[in-house]
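Beneath this line is the structure, given in structure tokens, with notes to follow.
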Amino acid sequence: MAWVTPKTNWVKTDRINYVDYNRIKNNLAYLRDLAGQLYREFNITVDPDKDNYSLWPYPSEINRLEENLETIRGHTYPFATGQRRTYYGNAPAIDWQELNRLESATLLIYNNLRGQEEGKRRLSFRLGGLRGL
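Mapping to the numbering used here: the sequence shown position 55 is 55, numbers consecutive.
So this is what it looks like as structure tokens:
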């Protein structure tokens, strides 16, 4: 799974579609993989990709995105990512402000994890000398 730059400029007239949902979901999965290289392994729930407009994200799927974000925060560093919300059927869906919060949080965690990965200490020489060459 590859990192896709999050959309952090949602406006009031924007609505989430299956492409946005897949991007957020897959970016969270990427963050889990990246965090697994730097911290202890942990799991998140990753739903299958949606592939057309008739498959709008359900409230339970949006809630899973929120849960996955909290799990990643809990296993890495407790970044300030705003107040977590819970969504229900036949109630207001996720809005542009929450989408900005969610995608900005993934970008914050990504930048910090990449910085940690780049800053890891590495030996500037090879142990064992020239044996085997």
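Even for Gly, the Cβ is constructed at its ideal location relative to N, Cα and C.
Distance between beta carbons of residue j and residue i, contact taken as under 8 angstroms
i, j, result
"W96", "V19", "That pair is no contact at about 16 angstroms."
"R84", "E66", "5 angstroms"
"S104", "T8", "5 angstroms"
"Y88", "P59", "6 angstroms"
"I62", "I94", "5 angstroms"
"Y53", "N112", "Not quite, the Cβ-Cβ distance comes to about 34 angstroms (not below 8 angstroms), so this is no contact."
"L102", "I24", "6 angstroms"
Exposure label - residue i; buried when at least 16 CB within 10 Å
i, result
"R32", "buried"
"K120", "exposed"
"T13", "exposed"
"T76", "buried"
"N90", "exposed"
"R15", "exposed"
"R114", "exposed"
"E117", "exposed"
Beta-carbon spacing of residue i, residue j below 8 angstroms
i, j, result
"N27", "W3", "yes"
"A35", "V46", "no"
"L69", "T81", "yes"
Minimum length 4: unbroken alpha helix (DSSP H) runs contained in the segment 32-99: 59-75
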